[in-house]
Amino acid sequence: MTPAISVAGLSRRYRGQLALDDVSFDLEPGSITGLLGRNGAGKTTLMRVVAGHEFASAGTVTVLGARPVENEQVLRQMVFVREDQTYPDFRVRQVVQAASWFYPNWSHQLAGALLDEFNLPLDRKVRKLSRGMRSAVGNVIGLAARAEVTLFDEPYAGLDPVSRQLFYDRLLADYAEHPRTVLLSTHLIDEAAGLFERVLVIDRGRIVLNTAADNLRGAATSVTGPAIAVAEFTAGRPVWVRRRIASQESAVVAGAMDETDRARAAALHLHLEPLTLQQLVVHVAGTPVGSLEERTSA
Amino acid sequence: MQEMAGLDEGAPLFVQIAERLADEIADGGLVEGEQVPSTNELAAYYRINPATAAKGINMLTDDGLLEKRRGIGMFVAAGARDRLLAERRRRFAERYVEPLVAEASRLGIGADELAAMIRESSYVRGGAL
């Protein structure tokens, strides 16, 4: 199967600054992937190059089997919703109308329902909208386009939790009926964690983790309790980090816990808590690339 | 954390979906021959990726607990409940009885005293046993 997005050896340099450094990955059609990383890690640059808004300094990007730059056939099958999206001096109604002309799979019905649910004023100029409402306009376009390749870059700046939940629910529901390839970057990792089938973590322009989201569940556990018991329990296990106060210790241990482990922890009066995806990404982003494979496969 | 209808971080989501459905079958919430929710319904309810929900369903299909009726959906297979209950009894001994006995012996509680405590607890709970 042709990957929906294929990136090989991609680098992007800005005046000596390497924003993307030898990035390679394939995304299969019909999946939702989370693109995670710190500010300035390269998420937006990567999305911009994939969307054909920017050239690669080295390497190749293909979308639906073809180069995206100035390729109308590809661009009509791809929607890119950016955090800082600006629109010409149009009303909401006109912006949505223009989008409906561009995208061949556009759903008027879905667009109408979403405009209603996000409470967007159709006759107001987009530049007069609040930040959250502008994000909502982007969400409506990104979902109603039903584009084969859908890129969301921090799609909910300024949106309140209720609207974000609405976005997640509508994305899942429409995706279930009309599968497509979604790449979504976010800092609100735990909030969005259930959406992801795959996770890409980018750090300082490099992909440091590319794995099925389910591989990360239970991939690490925090062990808390009396320091002596923690030491006994963690002996012989890979420990990522230890923190200690007085006689209490908290250690993050790689690897899944089984029934025997849990029983042993209970007997030692230790508290076990699996790391959330967000906590895992914090541990994974900003560490040497070589050690990551062992970390996640451990 | 987004509310995912009680799913947690400890295990892969598809495993948790399979466990939830298996529990429902064992508890009689889903009876044999009954249709189980579709992948998309599960995805919407738990707020998870539909592919993840499908993996959970497939786990139960591979175990023969669910069966597919082409063009209609997934149904609870005949004998599914009995098999799940047998498995649960085995796990009950492992998970609860063994640790109970271990802790009792650490505290110097003998078998008769332990049995009396269980009867007492059952009595307090209105004769649950």
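Sequences listed follow chains R and X, in order.
Counting from 4, one number per residue, gives the positions in the first sequence under the working numbering.
Counting from 10, one number per residue, gives the positions in the second sequence under the working numbering.
Backbone N, C-alpha and C fix where the C-beta goes; we use that ideal spot for every residue, glycine too.
{"Item": "Chain X residues whose Cβ lies nearer than 9 Å to that of A308 of chain R", "Value": "Residue 308 of chain R lies beyond the residue range present for chain R, which begins at 4 and ends at 301; the question has no answer from this structure."}
{"Item": "Which of helix, strand or coil DSSP assigns to Q88 of chain R", "Value": "coil"}
{"Item": "Rounded straight-line distance, which links the Cα of S166 of chain R to that of E120 of chain R", "Value": "9 Å"}
{"Item": "Exposure label - I231 of chain R; buried when at least 16 CB within 10 Å", "Value": "exposed"}
{"Item": "With 16 other Cβ atoms within 10 Å as the buried cut-off, status of S300 of chain R", "Value": "Confidence at S300 of chain R is low in this model, with a pLDDT of 41, below 50, so the placement of that residue is unreliable and no value is reported for it."}
{"Item": "K64 of chain X versus F84 of chain X - alpha carbon distance", "Value": "16 Å"}
{"Item": "Rounded separation between A60 of chain X and E112 of chain X - CA only", "Value": "42 Å"}
{"Item": "Close Cβ partners of K77 of chain X (< 6 Å) along its chain, the five nearest in sequence each way excluded", "Value": "M83"}
{"Item": "Residue of R:S27, R:V10 and R:R18 minimising C-alpha distance to V211 of chain R", "Value": "R:S27"}
{"Item": "Start-to-end residues for the beta strand (DSSP E) that takes in D206 of chain R", "Value": "R201 to D206"}
{"Item": "Beta-carbon proximity of P277 of chain R to G37 of chain X, cut-off 8 Å", "Value": "no"}
{"Item": "Outcome for L116 of chain X when other beta-carbon atoms lying within 10 angstroms are tallied against a minimum of 16", "Value": "exposed"}
{"Item": "For G239 of chain R and P158 of chain R, the rounded distance between their alpha carbons", "Value": "43 Å"}
{"Item": "Anticipated Cβ contact below 8 Å, A35 of chain X with R90 of chain X, distance rounded", "Value": "6 Å"}
{"Item": "Residue-level contact to chain R via CB, I118 of chain X, 8 Å cutoff", "Value": "no"}
{"Item": "Minimum C-alpha distance to P124 of chain R - residue among R:A234, R:R96, R:R265 and R:L21", "Value": "R:R96"}
{"Item": "Proximity test, Cβ basis, 8 Å: M68 of chain X and chain R", "Value": "no"}
{"Item": "Cβ-Cβ distance between G33 of chain R and A195 of chain R below 8 Å", "Value": "no"}
{"Item": "Residue from R:H272, R:R265, R:N108 and R:G197 with nearest C-alpha to G26 of chain X", "Value": "Per the sequence shown, the amino acid found at residue 26 of chain X is Ile instead of Gly. Out of R:H272, R:R265, R:N108 and R:G197, R:G197 has the C-alpha closest to the C-alpha of I26 of chain X."}
{"Item": "Three-state secondary structure (DSSP) of T189 of chain R", "Value": "coil"}
{"Item": "Neighbour-count burial assignment, I205 of chain R, 16 or more Cβ in a 10 Å radius", "Value": "buried"}
{"Item": "F155 of chain R: CB within 7 Å of a non-hydrogen atom of the ligand GTP", "Value": "For the structure depicted, the ligand GTP is absent and the ligand set is empty, with no information on it obtainable."}
{"Item": "Start-to-end residues for the beta strand (DSSP E) that takes in F155 of chain R", "Value": "V152 to D156"}
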